[in-house]
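Student:
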Amino acid sequence: AQERYASIRDTPAVTPCGRRIALTMNAGLMADLPSLEGSGAEGVGLFRTELQFLIRNKMPTRTELAALYSRVLDSAGGRRVVFRTLDIGSDKVLSYMKPTDEPNPALGWRAIRVGLDKPGVMRMQLQALIRAAKGRPLTVMFPFVAQYDEYRAALAEVDKAMDRERILGHPLPESLEVGAMLETPSLAFAPTQFFRDVDFLSIGGNDLKQFFFAADRENERVRRRYDTLNVSFLTFLENIVERCRETGTPLSFCGEDAGRPVEAICLAAIGLDALSMRPASIGPVKSLLIRTNLAELREVIHKAREEGHQSVRPAVMEWLKTQG
Ligand code: PEP
Ligand code: MG
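Here full-length UniProt numbering is used: the first residue of the sequence shown is 424, the next is one more, and so on.
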């Protein structure tokens with residue numbers, strides 16, 4: 424499939440109305456990295472570090488992790504890699520950690536909640552990342568942040584880890600960016616200071632959508648019940664874009680919907696400038712983006728909303744047909 428899009432692989436995604444959309448890929452295993460070249464991804468917008476933990480039967484050591492992250496940065500060859508700290512719990516259970524019996528694991532003790540309550544593993548991971556990055560830029564992102572305080576506490580851990588490395592005389596990353604995933608609705612309403620404090624935000628649409636509609640992403644009965652192009656959800660996303668604009672906070676979207684061409688152009692139309700997706704989706708998404716006038720599409724979306732439609736999808740599909 425990637426051959427089909429080979430001719431546009433190295434062209435940036437610029438739309439007929441002049442918008443430039445950054446397309447990056449999601450990854451998590453070493454095996455994903457060769458796709459950076461083949462897909463034309465501008466970097467790794469989401470590196471799911473838990474996958475490395477999930478494929479093992481015991482906890483990796485700091486040295487192993489540092490070597491691994493260093494190889495990830497090597498293969499990225501200077502392109503930005505957003506390392507998301509361990510996102511375990513809920514559907515991602517480590518065989519070598521004490522199981523927790525929770526009635527609602529998706530709403531339970533997961534991701535940054537584990538990282539802050541039992542900071543041992545998170546500290547080890549942060550050290551491994553800092554050591555791997557030595558002399559190179561490092562980007563760290565915290566998953567499942569639900570309120571400002573959690574981000575502040577996580578940031579304090581990063582600062583502590585940096586100080587520790589400095590005191591030990593280890594080389595530090597050339598630069599450091601720290602951000603958060605926006606995947607709980609509460610975070611969209613965080614104090615403005617939060618938006619100023621993060622270096623960037625990335626919308627985790629998979630989780631954000633499940634919590635927005637209260638519909639379990641793992642439950643076949645309900646997971647497709649609510650359309651991503653539902654006007655309520657799009658309006659919510661537009662509000663997030665607006666808040667980030669006010670504070671100048673770089674914003675991306677890294678859920679599965681970013682890799683679906685129709686969803687992707689709609690996300691770009693409501694103001695997202697960066698989308699991260701599985702590598703095979705970059706070609707199809709770029710191919711549609713470079714033919715789409717996003718300013719016009721935005722009008723189509725807003726008109727459908729004003730007309731009281733539940734989802735803007737039918738209007739968008741009709742409009743696409745007229746675009747040839
Ligand atoms: C998300 O929630 O959209 C996301 C990108 O993270 P994950 O799918 O790993 O939960
Ligand atoms: Mg998520």
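A virtual CB, placed ideally from N, CA and C, is assigned to each residue, including glycine.
In this text the structure is predicted, and so the values were computed from the model without any measurement.
Less than 7 Å between the CB of Asp-630 and some heavy atom of the ligand MG, yes or no?
Tutor: Stepping through the sequence shown from its first residue, residue 630 is reached at position 207. Within the cutoff, so yes.
Student: Would you kindly work out how many angstroms separate the C-alpha atoms of Leu-477 and Leu-539, rounded to a whole number?
Tutor: Position 54 of the sequence shown, counted from the start, is the residue given in the question as residue 477. Position 116 of the sequence shown, counted from the start, is the residue given in the question as residue 539. The alpha-carbon atoms of Leu-477 and Leu-539 are separated by roughly 20 Å.
Student: From the DSSP output, in three-state form, read off Ile-693 for me.
Tutor: Start at 1 with the first residue of the sequence shown, and residue 693 comes out as number 270. Coil, per DSSP.
Student: Does the ligand MG have even one heavy atom less than 7 Å from the beta-carbon of residue 378?
Tutor: Lying outside 424 to 747, the shown extent of the chain, residue 378 is not represented and no answer is given.
Student: Going by CA-CA distance only, name the one from His-593, Pro-542, Thr-523, Met-520 that's closest to Ala-556.
Tutor: Indexing the sequence shown from 1 puts residue 556 at position 133. The residue with the shortest Cα to Cα distance from Ala-556 is His-593.
Student: Give a single yes or no on whether Pro-528 has its beta carbon closer than 7 Å to a heavy atom of the ligand MG.
Tutor: As a first step, residue 528 must be located in the sequence shown, where it is residue number 105. Incorrect: Pro-528 has no Cβ contact closer than 7 Å to the ligand MG.
Student: If we call anything under 8 Å between Cβ atoms a contact, is Leu-624 one with Ala-603?
Tutor: As a position in the sequence shown, residue 624 is number 201, starting the count at 1. As a position in the sequence shown, residue 603 is number 180, starting the count at 1. Yes, these two residues count as a Cβ contact at 8 Å.
Student: Which one of Lys-583, Phe-565, Glu-580, Asn-642 has the shortest CA to CA distance from Gly-610?
Tutor: Along the sequence shown, one-based indexing puts residue 610 at 187. The sequence shown places Leu at residue 610, not Gly. For Leu-610, the nearest C-alpha among the options comes from Phe-565.
Student: Look at the Cβ atom of Leu-717, then the Cβ atom of Ala-691, and state whether they are nearer than 8 Å.
Tutor: If you number the sequence shown from 1, residue 717 lands on position 294. If you number the sequence shown from 1, residue 691 lands on position 268. Contact flag set, yes.
Student: So, at 6 Å on beta carbons, what are the nonlocal neighbours of Met-547 in its own chain, with the 5 sequence-adjacent residues on each side left out?
Tutor: Here residue 547 refers to the residue found at position 124 of the sequence shown. The residues are Arg-485.
Student: Candidates Glu-426, Leu-595, Leu-720, Arg-701: which alpha carbon is nearest Asp-680's?
Tutor: Translated into positions along the sequence shown, residue 680 becomes position 257. Measuring from the Cα of Asp-680, the nearest candidate turns out to be Arg-701.
Student: Check whether the region 580 to 588 and the region 621 to 635 touch, using three or more Cβ-Cβ pairs below 8 Å as the test.
Tutor: no
Student: Since Val-685 contacts Gln-733 with CB under 8 Å, what's their CB separation in whole angstroms?
Tutor: Within the sequence shown, the letter at position 262 stands for residue 685. Within the sequence shown, the letter at position 310 stands for residue 733. That pair is no contact at about 16 Å.
Student: Using only CA atoms, which one of Val-568, Arg-494, Ser-513 lies nearest to Val-504?
Tutor: In the sequence shown, counting from the first residue as 1, residue 504 sits at position 81. Taking only the C-alpha atoms, the option nearest Val-504 is Arg-494.
Student: Taking the alpha carbon of Asp-696 as the reference point, which residue from Glu-722, Ile-663, Lys-726 has its own alpha carbon closest?
Tutor: Mapped onto the sequence shown, residue 696 falls at position 273. Checking every option, the nearest Cα to that of Asp-696 belongs to Ile-663.
Student: Around the Cβ of Asn-642, are there at least 16 other Cβ atoms within 10 angstroms (buried) or fewer (exposed)?
Tutor: Residue numbering aside, residue 642 sits at position 219 when the sequence shown is read from its first letter. Result: exposed.
Student: Between the alpha carbons of Met-453 and Leu-509, how many angstroms are there, rounded?
Tutor: In the sequence shown, counting from the first residue as 1, residue 453 sits at position 30. In the sequence shown, counting from the first residue as 1, residue 509 sits at position 86. Whole-angstrom Cα-Cα distance: 16 Å.
Student: Can you tell me where the beta strand (DSSP E) holding residue 414 begins and where it ends?
Tutor: Residue 414 cannot be examined here, being either before or after the span of the chain that is shown, 424 to 747.
Student: Would you check whether the ligand PEP has a heavy atom nearer than 7 Å to the C-beta of Gly-747?
Tutor: Start at 1 with the first residue of the sequence shown, and residue 747 comes out as number 324. False, no ligand heavy atom lies under 7 Å from that Cβ.
Student: So what's Val-563 in DSSP terms, helix, strand or just coil?
Tutor: Translated into positions along the sequence shown, residue 563 becomes position 140. In the structure shown, Val-563 sits in a strand (DSSP, three-state: E or B).
Student: Let's see if you can read the secondary structure: which residues bound the beta strand (DSSP E) around Asn-449?
Tutor: Looking up residue 449 in the sequence shown gives position 26. Taken as a continuous stretch (DSSP letters only), the beta strand (DSSP E) holding Asn-449 covers 443 to 450.
Student: Pull up the distance between the alpha-carbon of Arg-736 and that of Glu-426, whole angstroms please.
Tutor: Residue numbering aside, residue 736 sits at position 313 when the sequence shown is read from its first letter. Residue numbering aside, residue 426 sits at position 3 when the sequence shown is read from its first letter. Taking the straight line from one Cα to the other gives about 29 Å.
Student: Name, in chain order, the residues that DSSP records as bridge partners for Lys-726.
Tutor: As a working note, residue 726 is residue 303 in the sequence shown. DSSP lists no partner for Lys-726.
Student: Since Phe-476 is in the alpha helix (DSSP H), which residue starts that stretch and which ends it?
Tutor: Numbered from 1 along the sequence shown, position 53 holds the residue referred to as residue 476. That run of the alpha helix (DSSP H) goes 473 to 477.
Student: Three-state secondary structure (DSSP) at Glu-600?
Tutor: Along the sequence shown, one-based indexing puts residue 600 at 177. Strand, per DSSP.
Student: Distance check for Arg-559 and Leu-552, CA to CA, integer angstroms please.
Tutor: In the sequence shown, the residue the question calls residue 552 occupies position 129. In the sequence shown, the residue the question calls residue 559 occupies position 136. Roughly 11 Å between the two C-alpha positions.
Student: Here's a check: name, in chain order, each residue in its chain whose Cβ is nearer than 8 Å to the Cβ of Arg-471, leaving out the five neighbours to either side.
Tutor: As a working note, residue 471 is residue 48 in the sequence shown. Within the same chain, Arg-471 has close Cβ partners Asn-449, Ala-450, Gly-451, Arg-507, Asp-510.
Student: Alpha carbon to alpha carbon, what distance is there between Ile-590 and Ile-705?
Tutor: Taking the sequence shown and counting its residues from 1, one reaches residue 705 at position 282. Taking the sequence shown and counting its residues from 1, one reaches residue 590 at position 167. Whole-angstrom Cα-Cα distance: 42 Å.
Student: Of the choices Arg-648, Ile-626, Cys-677, whose alpha-carbon is the least far from that of Phe-659?
Tutor: What you label residue 659 is simply residue 236 of the sequence shown in a count that begins at 1. Of the listed residues, the one whose Cα sits closest to Phe-659 is Ile-626.
Student: Comparing C-alpha positions only, which one of Pro-608, Ile-713, Leu-459, Pro-614 sits nearest to Asp-572?
Tutor: On the sequence shown, residue 572 is found 149 positions in, with the first residue counted as 1. When only C-alpha atoms are compared, the closest one is Pro-614.
Student: If you count every other CB in all the chains shown that lies within 10 Å of the CB of Glu-465, and 16 or more means buried, which is it?
Tutor: Numbered from 1 along the sequence shown, position 42 holds the residue referred to as residue 465. When all chains shown are included, Glu-465 counts as buried.
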